[in-house]
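Its first residue numbered 7, the sequence shown is counted upward by one per residue in our numbering.
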Amino acid sequence: AWPLVRSLVRFNSNLTTTRNPSAYILDPTSDVSQFSKSKLVYHGELEDGVIPEALKYSYPCNQTTLSNGLLVASEASHNALAHLCVVVKAGVRNENFQVNGIGHFVRKLRFKGTEQRSKLQLAGDVENIGGELRIKAGKEVTEFHIEVPKAYTAKAMEILADVVLSSKFNKNAIEEQKAESAEALFDTADNKRLILENIHYTAYRDHMIGQPIRGNQKSIQNITQDAIKDYIDAHYITPRMVLTATGNVDHKQIAELGEKYFGKVAKSGREITGDDRPIFTPSTVTIRDDDVDLAHMGIFFQAPSWNHEDFYAFQMLVRLCGDYVPERDSIINHPWLQYNYLHTWFGEIEDFGGHSNHYFPYSNAALWGHYTQSLDLSSFISPQACLSGTKRYTDYIMESELYRARNRYYNDLLNNTSLGSWSSEIGHELLYAKRRIPRSEVAKRISVMGSRHLEKTFAKWLWDCELAVAMYGPVFMQIRFHSVYRGYMNGGNVW
């Protein structure tokens with residue numbers, strides 16, 4: 007074994023190894039680092055199939071089915087706060103073209119008051135118990151979150167049920183929200199959101215899942231009381247809802263409160279639309295605006311859906327690629343830059359603005375790809391780097407890259423302490439997988455994924471395939487992208 011301390015050198019106050027992580031095995035008895043936490047945060051010495059000791063333990067997930075069929079799940083932890091969440095399987099894909107954006111529209115209306123509370127009373131009641139109320143509308147799922155001190159759990163459940171089941175949708179509030187929503191559509195300051203919305207549109211042109219979450223000017227004006235009631239009655243039913251709780255919670259109390267406030271939710275509604283599998287339609291959207299500072303681009307591939315056997319392989323791909331922030335990762339000895347072929351490419355591009363990779367898994371479809379921003383003159387090189395990096399992962403993954411990706415995944419599992427994301431994770435797994443997946447199982451799954459398995463999996467999905475592409479900004483250099491794309495498709499001059 008090669009002692010850790012002999013292979014570390016100090017550069018700019020950062021300890022950096024001079025050897026490949028696979029070249030030594032960490033021996034705690036020879037590690038002289040004071041207060042070492044190597045067992046938790048450094049897992050490079052673990053063999054295939056072996057997971058960190060801390061990940062062998064998972065929080066027990068208590069589940070109860072209410073009298074009306076609504077599933078209630080909770081995971082208690084040592085936390086001062088209690089977090090309640092309702093996850094509803096209802097999103098853009100379940101809308102129609104006439105009222106596209108109704109889910110996001112209703113999300114905004116819910117903050118304007120309920121049958122029992124005015125807008126000010128709702129905000130006041132949440133504030134008086136030291137709580138935070140959040141609602142998120144997405145492509146396939148809508149989430150309701152409230153986080154409060156333990157003592158106010160019962161009050162929080164009553165408020166949450168009031169918002170979910172008894173929101174007030176009067177005509178005056180609807181007309182007021184129409185004006186606000188129509189005006190908000192002109193806000194295009196979030197360039198990444200613009201790119202990702204257009205990626206979904208161009209990837210699924212013939213399905214509602216490709217339509218914008220906020221709708222459009224025409225569809226917003228078509229929203230009425232009857233349309234809202236029809237949408238809610240159809241989707242807010244027990245087979246499409248899950249009530250979750252995390253933090254300082256008692257499952258028996260949560261189940262009793264759930265029965266009290268959610269026990270009358272309907273078991274069925276009208277026939278659901280939009281759950282059919284969307285067809286991938288590879289194509290390109292180009293929006294040229296020379297007044298924008300940077301050229302923004304998205305390059306996305308068809309990917310495995312939530313329940314596909316390759317789902318966790320693509321979770322590993324997210325960690326393999328990582329995100330590139332020039333202010334941070336341009337430091338040559340930064341640990342996130344080491345052993346990352348894709349970041350090496352980005353580091354050599356002049357005036358590169360940043361990169362992030364995204365994985366959007368849904369029940370029966372998914373997208374994975376890159377988002378980049380750069381100055382106009384460098385915008386041609388950015389997609390070339392993305393495609394080169396992607397192509398490389400289909401036939402060669404360094405052992406050091408594999409270790410780094412595994413370790414980041416292990417640490418993500420260990421550090422998932424946000425009660426909101428924790429509750430969402432439980433809800434999504436119960437809706438999609440129909441069970442809670444322990445973090446020990448996730449760790450075990452990724453621990454047995456070797457380089458060869460990942461290379462074959464990525465080649466199956468990412469090599470010699472059509473793409474969904476979106477461009478925005480001064481993209482006059484991007485007209486040459488077709489030649490790069492063809493080179494990628496034909497195994498030609500993309501390197």
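Note that beta-carbon positions come from the ideal geometry of N, C-alpha and C, so glycine has one too.
What you are looking at is a predicted structure, and each value in this text was computed from that prediction instead of being measured.
Item: Same chain, Cβ closer than 6 Å to G275, neighbours up to 5 away in sequence not counted; Value: D239, A240 and I243
Item: N- and C-terminal bounds of the alpha helix (DSSP H) containing R116; Value: I108 to R116
Item: A143 - DSSP class collapsed to helix/strand/coil; Value: strand
Item: Identity of the residue in S173, T378, A371 and L249 nearest E146 by Cα; Value: A371
Item: Any non-hydrogen atom of the ligand ATP within 7 Å of Y330 CB; Value: Here there are no bound small molecules, and the ligand ATP is not part of this structure.
Item: Opposing strand residues paired with I305 [DSSP bridges]; Value: H376 and V475
Item: Any 3 or more C-beta pairs closer than 8 Å across the stretch 164-184 and the stretch 109-116; Value: yes
Item: Buried/exposed call for A439, threshold 16 Cβ in 10 Å; Value: exposed
Item: Span of the beta strand (DSSP E), counted from its first residue to its last, around G359; Value: F358 to P367
Item: Euclidean distance between Cα positions of H361 and K198; Value: 10 Å
Item: Ordered list of alpha helix (DSSP H) runs contained in the stretch 236-294, each at least 4 residues; Value: 257-268
Item: CA nearest to the CA of M404, picked from T292, N346 and N313; Value: N346
Item: N254 to I293 span [Cα, whole Å]; Value: 48 Å
Item: Three-way DSSP call (helix, strand, coil) for A319 in this model; Value: helix
Item: Whole runs of the alpha helix (DSSP H) within the stretch 160-228, excluding any shorter than 4 residues; Value: 177-190, 197-209 and 223-227
Item: Of the listed residues Q122, S187, L77 and K95, nearest to G107 (C-alpha basis); Value: S187
Item: Endpoints, alpha helix (DSSP H) assigned at L87; Value: No alpha helix (DSSP H) contains L87, which is instead part of the beta strand (DSSP E) from L87 to V94.
Item: Continuous beta strand (DSSP E) stretch holding A79: start and end; Value: L77 to A82
Item: Closest Cα partner of L348 within the set H151, L381, I219 and Q390; Value: Q390
Item: Spatially closest choice to H459 from F482, L323, C471 and N417, by CA coordinates; Value: L323
Item: Beta-carbon spacing of V154, A60 below 8 Å; Value: no
Item: Contact under 8 Å by Cβ, M247 with V271; Value: yes
Item: Beta strand (DSSP E) segment containing T148, residue limits; Value: T148 to P155
Item: Alpha carbon of E354 to alpha carbon of D196, nearest angstrom; Value: 26 Å
Item: Completely contained alpha helix (DSSP H) runs for the stretch 405-436, where each covers 4 or more residues; Value: 405-420
Item: 8 Å contact criterion, which S289 and R211 should meet: CB distance rounded; Value: 7 Å
Item: DSSP three-state assignment for A100, whether helix, strand or coil; Value: Here residue 100 turns out to be Asn, not Ala, going by the sequence shown. Helix.
Item: Coarse secondary structure for N346, derived from DSSP in three states; Value: coil
Item: Helix, strand or coil at Y330 according to DSSP, with G and I counted as helix; Value: strand
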